[in-house]
Each structure stands twice: as structure tokens, then as C-alpha cells.
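Those letters in the sequence shown? Residues 37 to 392, per the numbering used here, in order. No residue lacks a Cβ here, since even glycine has one placed at the ideal position from N, Cα and C. Here's the structure, in C-alpha cells; my notes come after.
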Amino acid sequence: MFRDLFNRQPNDKPFLISGPCSAETEDQVLETCQRLAATGKVQALRAGIWKPRTKPGGFEGVGAKGLPWLKKAGELTGLPVAVEVATAKHVEDCLAFGVDLLWVGARTTGNPFSVQEIANALRGVAVPVLVKNPIHPELELWAGAVERLQKAGLKQVGLIHRGFSSYGNPDFRNAPMWHLPIEMKRRMPELPILNDPSHICGRRDTLFAVAQQALDLDFDGTMIESHRDPDNAWSDAKQQITPEVLGQLIHDLVWRHETTDKAEFLTALAGLREQINNLDAEVLLLLGRRMAVAEKIGQYKKENDITILQTGRLTEILERSKRQGAQVGLTEAFVERYMEAVHLESVLRQERVMNG
Ligand code: PEP
Ligand code: MN
């Protein structure tokens, strides 16, 4: 059933999971899911049954009584259904109702006790599980949660990128920090990864841009919240869209993978990648030579009893590099990050010379 997600073929379309943030009533679940299925664009349905809320008193989900509604939606549409689990009891209830796919929410991924409890409850069960990134930009917790599930014997584990909490970023409810999911893809290339623009954006008007960016970054698909009457949703009203708007959004996304079977494109791409490989090799060679010179300076400093770190020098290097970088189209911010890393390595090398 999840062949399309866990056995990606080069020309597969993006995998779309959609459904309401929360199951509210049987009628709301059934209508939303049937309208979603009618778009023909959805591969799986979702609904939150237990909702993690920051403060007590908010709508905390309908609980297990919503599971039969979702099961019915799955039967009526022929689509698999997905639910968020945060405890062993949630896992048990979902398995009892034949939920096809589970996901671990952002608040749970950040808590190793809870993840382990879920992993233990899933031992010996063959159900696919997607792991959302933790709320805070902490890659090790995300990777750790995946490992706990894999260690429990789960073979079908995937990732959902839902953005990270950050202060002072008015554009996003959760900042995408794209470098983090990219690093997860690099570390765990065999895991499918979906993007969740709903929780990244927190609003409707930017969903498309984020969903498109994820596809451009080679994500395998998307999880987007959809509700039959978004403005009156019991949770996350601002970010939900109707099934019909969702259908149009998915239709408008450009899926660049479709071009990968064009030999011409592949050849051009291979040529450009080769250029990058050669340029990277040159840069590394030069960096090696730079570090050798830095060590020589370290030797002089040692012989003449001079401190390694002279702040004036770093400022001078940064200013000159930024001027030179600007001439070849490099941003100040990038040059600064890059030169600081290079300078730090030089200092470490010199320390080794001093203490050696
Ligand atoms: C959700 O998918 O409805 C949800 C609660 O998401 P997250 O765990 O990403 O906040
Ligand atoms: Mn939500």
C-alpha cells in the first residue's frame, strides 16, 4: 500500500497525505476525506485523534472514538489512513482499528522516553511510521527517534519536515531551516522524506511556495492539512484549506522529476556535476596549502613567543575577503561564515604546533 512511498522509483509522483488537522465529528471526517479522494491527488488520508496542546483547556482531540470514523473514511475512499501517536496506548488503539500509517509528532520526537515507549509498543509490528522533526532545531533527536524505531525492528520508517520553532521569524509559524532536512537526507538517504507546509507556514497564502521548494529539494512528497470548512476548524484554522483548493495547489506544483528520463538533461546534469566535483577538489587542494602555511606561521609564533589569536588579523582577513567575494558575486554573510570556519581551523592547527 505504501509501495509508492517506501520504494520510490525515479518517476514516481510526489506522495500526498492530506486530511484535517483534527478529527472533529464523523460527518466532518467523512465529508473532508471524500472530497479529498475526489480530487484524485491524495495517496493517504490523515486526521489528528489526540491533539498535543500547549495549554490545557484547548481542544485535545476527540480521542479513540474518532478512529472508527477514519476507518470508515478509508473504506469509503479506498485510501490508507494515518494518525499521530504519542503513547503506547495510542499505538495499541490505532493498531486495533487497522490504521495504516502512524506518525510521531514534533513534540514527541523531542522526548526520548516517549519515542522509546512507542518503539516498544511497535516491536514485531509491520506498520510504516513517519517521524516529524522535533520542535527545536536538534538534528540528533530527530535521528535518534528514527534509530529507536529501527532498533525495534521497524522496516518502513520515514521523515516529515514540519519546520522548527524560532524567535523573531514573522514569516513562518515554524522556520523551515532547509539545511537541517537536507542534512537528514544526506545521513539517511534511504528514508523517504515528506514536507509539511501547513505547520511550517501556519497560514494559507504561503503553502504553495513552501511545498514547491520542498519538491525542488527532492523531497518525496507532502503532508498538507485540509478541512471541509477551514475557517471553522477546531484546531489550526488559519493554515487549513478546502480539498478543492488543495487539489488545485497540487495540480500547480511543478514536479521536476518527470524530466529525469530525458537523456539530454541527464547528460547536461552529469557534466555540470563533474565541473562542481573538479572545482571542489581544487578548493580543497588550496585549503590544504593554506593550512600548511598557517602551520608555518604557528612555528614562527612559537619561536618568537607570540599569541596565536590576534583579533585584528581576523577582522582584516574578513574585510578583505568580503571585498573580494563581492567582486565574484558572493554574499557578505557567506564569506563571513566561510572565512570564520577557515580561520578557526588555522588557529586550531597553530595551537597544535604550539603544544606539539
Ligand atoms: C499535526 O500534524 O497536526 C501536528 C500536531 O503537527 P506537529 O507535530 O508538526 O506540530
Ligand atoms: Mn495541525
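Length of the line joining the Cα atoms of residue i and residue j
i	j	result
Gly365	Gln249	23 Å
Asn205	His172	14 Å
Glu176	Glu339	43 Å
Ile85	Gly99	5 Å
Gln346	Gln335	15 Å
Ala83	Ala157	21 Å
Phe51	Trp139	15 Å
Pro56	Val193	23 Å
Ala122	Asp40	26 Å
Glu226	Asp256	11 Å
Pro266	Ala369	40 Å
Ala362	Gly348	21 Å
Ala162	Leu320	45 Å
Pro212	Arg143	16 Å
Cys237	Glu310	36 Å
Pro46	Asn314	27 Å
Asp252	Arg385	39 Å
Asp241	Gln276	10 Å
Ala188	Arg356	54 Å
Pro217	Val246	13 Å
Leu106	Asp232	20 Å
Gln152	Glu219	23 Å
Tyr374	Thr367	11 Å
Gln353	Leu322	Position check: residue 353 holds Ile in this sequence, whereas Gln was assumed. Answer to the nearest angstrom: the Cα atoms are 16 Å apart.
Arg239	Arg388	52 Å
Glu62	Arg71	14 Å
Asp207	Thr278	22 Å
Ser54	Met327	52 Å
Arg264	Glu376	51 Å
Leu117	Leu190	Per the sequence shown, the amino acid found at residue 117 is Val instead of Leu. Looking at the two C-alpha atoms, the distance is approximately 18 Å.
Leu398	Val119	Here the chain has residues from 37 to 392 only, and residue 398 is not among them.
Leu302	Leu308	10 Å
Glu318	Met390	29 Å
Ala59	Cys130	14 Å
Gly146	Ala109	31 Å
Leu285	His215	25 Å
Met259	Gln79	10 Å
Met224	Lys337	44 Å
Leu66	Ser262	12 Å
Val115	Gly134	The question names Val, but residue 115 is Leu in the sequence shown. For Leu115 and Gly134, the distance between alpha carbons rounds to 12 Å.
Leu380	Lys221	27 Å
Residue i: CB within 7 Å of a non-hydrogen atom of the ligand MN
i	result
Cys130	no
Glu352	no
Ser271	yes
Glu261	yes
Extent of the continuous alpha helix (DSSP H) to which residue i belongs
i	result
Ser150	148 to 157
Ile286	279 to 288
Ala109	103 to 113
Arg82	Run containing Arg82: none in the alpha helix (DSSP H); it sits in the beta strand (DSSP E), 80 to 82.
His235	233 to 237
Glu128	124 to 132
Glu176	175 to 187
Ala369	368 to 391
Val246	243 to 252
Gln275	Taken as a continuous stretch (DSSP letters only), Gln275 belongs to no alpha helix (DSSP H), as it is neither H nor E.
Arg44	Note, Arg44: premise wrong, no alpha helix (DSSP H); not H, not E.
Thr343	Thr343 -> no alpha helix (DSSP H), and no H or E assigned at all.
Start and end residues, beta strand (DSSP E) containing residue i
i	result
Gly257	257 to 261
Phe51	51 to 55
Beta-bridge partners of residue i, as assigned by DSSP
i	result
Lys168	Ile196
Gly141	BP columns for Gly141 are empty, so no partner.
Ile229	Leu195
Glu120	Trp139
Ser58	Gly84
Ala211	Phe200
Residues passing the C-beta test against the ligand PEP heavy atoms, cut-off 5 Å: Cys57, Gly84, Gly141, Ala142, Lys168, Arg198, His235
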